[in-house]
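In our numbering, the protein residues as written are 686 to 796.
Ideal Cβ placement from N, Cα and C applies to all residues, glycine included.
Keep in mind the model is a prediction, meaning the values are calculated, not measured.
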């Protein structure tokens, strides 16, 4: 991933959520793929470049509020929680190809 390498060279910091890591683990939940998920998740937790926001009641409520407000969009609850966290951290560029974030006004870095 050239974009990720470029961001590393720029000493970029990354923010994700526990909800995203849950989705990652779920996506790789087959026995043959679990090791991939474990390696990725452990690398994120061990890296000083990554900050993982944990799900608490207040964040869940805020994510649910956005999920409710944007019923016109096909945004997942995880997307909504991530959008809330990105807003809290004043993040404008997101390391994703998910067009839902472009709909929310973010610049997506993986097109």
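Between which two residues does the beta strand (DSSP E) harbouring residue i extend?
| i | result |
| --- | --- |
| residue 740 | That residue, residue 740, is in no beta strand (DSSP E); it is neither H nor E in DSSP. |
| residue 702 | 699-702 |
So what does DSSP say about residue i, is it helix, strand or coil?
| i | result |
| --- | --- |
| residue 776 | coil |
| residue 792 | strand |
| residue 715 | coil |
| residue 764 | helix |
| residue 758 | coil |
Please check the pair residue i and residue j, which I expect to be a contact at CB under 8 Å, by giving their CB distance rounded to whole angstroms.
| i | j | result |
| --- | --- | --- |
| residue 779 | residue 794 | 7 Å |
| residue 877 | residue 769 | Residue 877 is absent from the structure shown; the chain starts at 686 and stops at 796. |
| residue 737 | residue 772 | Wrong, their Cβ atoms sit about 17 Å apart, outside the cutoff. |
| residue 741 | residue 764 | Not really, about 18 Å apart at Cβ, beyond 8 Å. |
| residue 725 | residue 709 | 6 Å |
| residue 774 | residue 700 | 5 Å |
Mind checking which residues open and close the alpha helix (DSSP H) that includes residue i?
| i | result |
| --- | --- |
| residue 733 | Element bounds for residue 733: n/a, residue is neither H nor E. |
| residue 694 | 687-694 |
Quiz item: Counting pairs of Cβ atoms below 8 Å between the region 748-767 and the region 714-733, do you hit three or more?
Solution: Taking 8 Å as the limit for Cβ pairs, the verdict is that the region 714-733 does not touch the region 748-767.
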